Amino acid sequence: MLNEIAKNIYLVEVPLPKNPLRALNCYFIKNGENILVVDSGFDHEESEKAFFNALDELGAKVGKTDMFLTHLHADHSGLALKFKNKYQGKVYCSQIDTDYINQMKHELYADRFVPTLKVMGMKPDFKFFETHPGLVYCVKGKLDTTIVKDGDKIDFGDYHFEVVDLSGHTPGQVGIYDREHKILFSGDHILNKITPNISFWEFKYEDILGTYLKNLDKVYNMDVNIIYAAHRGIIENPKLRIDELKKHYADRNAEVYGLLKEGEKFSAAQIAAKMHWDYRAKNFEEFPNNQKWFATGEALANLEHLRAIGKADYEFIDGIAFYRAI
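Dropping the structure here:
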């Protein structure tokens, strides 16, 4: 159902079938005949129907409808190419995440991360990714985007947006902020009721958890009254929610450090298997592959953060990164 949640801002919950997130909060901003869409949903029949029905209801027109992608994940970008082909509008996205999106449907993308499985201490196998929703429901073809970066301006009727670097959840996540209305479309940077997954990407993105925490502080210090988050509810007390998230990540990092001190050295997979997870499975081995990927990636992001702050170090043994407490 399409709901007007503020002047000329509409929300529809786009279903994400068979996914723990359940739905994407997809936002539509109107300016006369022009529409700016924030994110899309999976390239899945159920998501597609809800997404394009909302655009039809709003009277979206070819050449007058654009999209802002907060980040690369398929629950946000999956329908972007179908949208662009239908409406011939711009699709705004960061350079980093655009590059990832355009690799997703190629074996090159999985090949890029198969070695990471080994680094984590897991079996390096392409088949691990075959059922991953990030690949199954991603953009099917090359997506040409309009590249945006921190500080860029997007004026849209009564709203004057600034692009904000919110990297952490992905290396190139961005949001849009209106100073006058004190609103922020945050993607998955700040979520209500659930916590964003902050995973290791590649070693070239040093301390991705530290980057995320720095950008949490950035938003804390912005003049924001409402955060339009991508999942669960709208956030009407941003500072309180940021404080809750910072405590969560501090507790999580302390948990990982405590586990690290229990032995001589551990891989990320070994740490992930010991961590507490709110997931319905008897044990870590019974997690679906995509959840194992997120969990082990989160463990590795925490280990890398400990290394960055001088509380851990690592060594490679047969291609696996083993961490020890300092």
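Anchor point for the sequence shown: position 321 equals 1715 in my numbering, and the numbering is continuous, going up by one each time. Beta carbons are placed, not taken as given, at the ideal position from N, Cα and C, and that holds for glycine. These figures come from a predicted structure and were not determined experimentally.
Using C-beta distances below 6 Å, list every residue in its chain close to C1487, excluding the 5 sequence neighbours before and after it, in chain order.
L1463 and T1539
Is the number of C-beta pairs between the region 1465 to 1477 and the region 1421 to 1441 that are closer than 8 Å three or more?
yes
I need the straight-line Cα distance from A1444 to Y1673, nearest angstrom please.
27 Å
Go ahead and label Q1482 buried or exposed: buried means 16 or more other beta carbons lie within 10 angstroms of its beta carbon, across all protein chains shown.
Classified as exposed, Q1482 has fewer than 16 neighbouring CB atoms from the shown chains inside 10 Å of its CB.
Where do the ends of the alpha helix (DSSP H) carrying V1650 lie?
P1632 to L1654
Is the distance from the Cβ of F1681 to the Cβ of A1693 below 8 Å?
A1693 sits away from F1681, with the two beta carbons spaced by 8 Å or more.
Which runs of the beta strand (DSSP E) spanning at least 3 residues fall entirely within the region 1396 to 1423, listed in chain order?
1397 to 1400 and 1403 to 1409
Residues near E1709 by beta carbon distance below 7 Å, same chain, minus five either side:
Answer for E1709: F1716, listed in chain order.
In three-state terms, what does DSSP make of R1626?
coil
Tell whether a beta-carbon distance below 8 Å holds between I1548 and I1584.
no
8 Å Cβ cutoff met for Y1614 and K1587:
no
Whole beta strand (DSSP E) runs in the region 1470 to 1496 with 3 or more residues, listed along the chain?
1485 to 1487
Please report the straight-line C-alpha distance between K1521 and P1411, rounded to a whole angstrom.
About 22 Å.
Considering only the beta carbon of each residue, do H1526 and D1491 sit closer than 8 Å?
no
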